[in-house]
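Peer 1:
Residue numbers (the numbering used here), protein chains in the order written: chain A, 1 to 144; chain B, 145 to 324.
(1) Any idea what DSSP makes of residue 14 (chain A), helix, strand or coil?
(2) Please determine, among B:234, B:295, B:207 and B:201, the residue with the shortest C-alpha to C-alpha distance to residue 134 (chain A).
(3) Measuring alpha carbon to alpha carbon, tell me which of B:259, B:231 and B:166 ends up nearest residue 292 (chain B).
(4) What whole-angstrom Cβ distance do residue 219 (chain B) and residue 185 (chain B) have, given they're in contact under 8 angstroms?
(5) How about residue 206 (chain B): is its C-beta nearer than 9 angstroms to some C-beta of chain A?
(6) To be precise: take each residue of the stretch 119-134 of chain A, compare its Cβ to all Cβ atoms of chain B, and keep it if any distance is under 9 angstroms. Which residues remain?
(7) Kindly identify the DSSP beta-bridge partner or partners of residue 204 (chain B).
(8) In this structure, does DSSP put residue 130 (chain A) in helix, strand or coil?
(9) For residue 10 (chain A), count the other beta carbons within 10 Å of its own beta carbon; 16 or more makes it buried, fewer makes it exposed. Which is it?
(10) Please report whether the beta-carbon of residue 179 (chain B) lies at a distance below 9 angstroms from any beta-carbon of chain A.
(11) Let's see if you can read the secondary structure: which residues bound the beta strand (DSSP E) around residue 99 (chain A)?
(12) Does the beta carbon of residue 27 (chain A) sit closer than 9 angstroms to a beta carbon anywhere in chain B?
(13) Could you tell me which uninterrupted alpha helix (DSSP H) segments, each at least 4 residues in length, are contained entirely in the stretch 256-321 of chain B, listed from first to last along the chain?
(14) Does residue 304 (chain B) have its Cβ less than 9 angstroms from a Cβ in chain A?
(15) So residue 60 (chain A) and residue 122 (chain A) are supposed to be a Cβ contact under 8 angstroms. How far apart are they, rounded?
(16) Classify residue 249 (chain B) as helix, strand or coil using the three-state DSSP reduction.
(17) Can you give the Cα-Cα distance for residue 119 (chain A) and residue 283 (chain B), rounded to whole angstroms?
(18) Span of the beta strand (DSSP E) holding residue 175 (chain B)?
(19) So which residues of chain A does residue 236 (chain B) contact, with C-beta pairs closer than 7 angstroms?
(20) Using C-beta distances below 7 angstroms, list every residue in its chain close to residue 266 (chain B), excluding the 5 sequence neighbours before and after it, in chain order.
(21) Here's the rule I'm using: 16 or more other beta-carbon atoms within 10 Å means buried, otherwise exposed. How should residue 209 (chain B) be labelled?
(22) Name, going along the chain, the residues of the stretch 29-61 of chain A whose beta-carbon falls closer than 8 angstroms to a beta-carbon of chain B.
(23) Tell me whether residue 8 (chain A) is buried or exposed, calling it buried when 16 or more other Cβ atoms sit within 10 Å of its Cβ.
(24) So residue 214 (chain B) and residue 205 (chain B) are supposed to be a Cβ contact under 8 angstroms. How far apart are they, rounded?
(25) First and last residue of the alpha helix (DSSP H) that includes residue 229 (chain B)?
(26) Are the C-beta atoms of residue 218 (chain B) and some chain A residue less than 9 angstroms apart?
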């Protein structure tokens, strides 16, 4: 009887620790993560324009490092998004930031050539814009 | 003569500016399904595509499902998996709506206007009607549209033990904000 109680108590404590861990998990900082892919914004856009579905399989949920020229900086509530657009197709890559990386992001100006790393959310074809929209979240500026 | 041309061009540019469809790629949609026993199921997407056209009286959104950002990685995985949003198969959520009861609103002038919006919200290829009130604020620099409404997860065939256990709100609140 005593043995069973000890086993049950052990399982309860183990279960609680696992649940506590899962609910308090946080994303690793993007700057500490190794990029799965490194390429230019234009190269990434061209891949999505050529084959959206295959590109989504390749890049979605991956850490991707992008190099390119900033074409637009847009306000999104109190934060900003950085955008790089392909002039030929109007398809674009857009980068969003968490609050802890916002200070660096706000220093970026239009036409700056930057290197940026983030978690790729994949691309959708926009019927509104008639272009591919590739989005990134939890981004960090690697080089300005 | 010069004055007339100048006035005419100002008038035309104002008219063209007003009549054009306005778009943004940085609209924000937040999703809050938190409950008193679990505050984690909430997320935000800050790169939503939106368009407003006062001439046609239309308002539309397109959001990449995978771009909803959660604070907790486990929640984000659940949100995207097959039982929930199945974002690999259905990567996009859309809203196509109409602005109604706009007779009192003069969108060519700066001001704050309350309008009704009705339309279809499509998630996982399932379209359900949505009706809400939107606040449209027009100033010299921009036009902002804000709206808030609730959806039923069951409408979009989202079922889970976490919903039954009260950890996820059956009717999450959706808040939309777009600055054009």
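Every residue gets a Cβ at the ideal spot worked out from N, C-alpha and C, and that includes glycine. Note that the structure is a prediction, hence the values are computed from the model and not measured.
Peer 2: The structure says:
(1) helix
(2) B:207
(3) B:259
(4) 6 angstroms
(5) yes
(6) 119, 120, 121, 122, 123, 124, 125, 126, 127, 128, 129, 133 and 134
(7) B:195 and B:240
(8) coil
(9) exposed
(10) no
(11) Here residue 99 (chain A) belongs to no beta strand (DSSP E), and DSSP marks it neither H nor E.
(12) yes
(13) 305-308
(14) no
(15) 4 angstroms
(16) coil
(17) 35 angstroms
(18) 166-176
(19) 124
(20) 237 and 238
(21) buried
(22) 56, 60 and 61
(23) exposed
(24) Actually they do not touch by this definition, with Cβ atoms about 20 angstroms apart.
(25) Premise fails: residue 229 (chain B) is in no alpha helix (DSSP H) and is neither H nor E.
(26) yes
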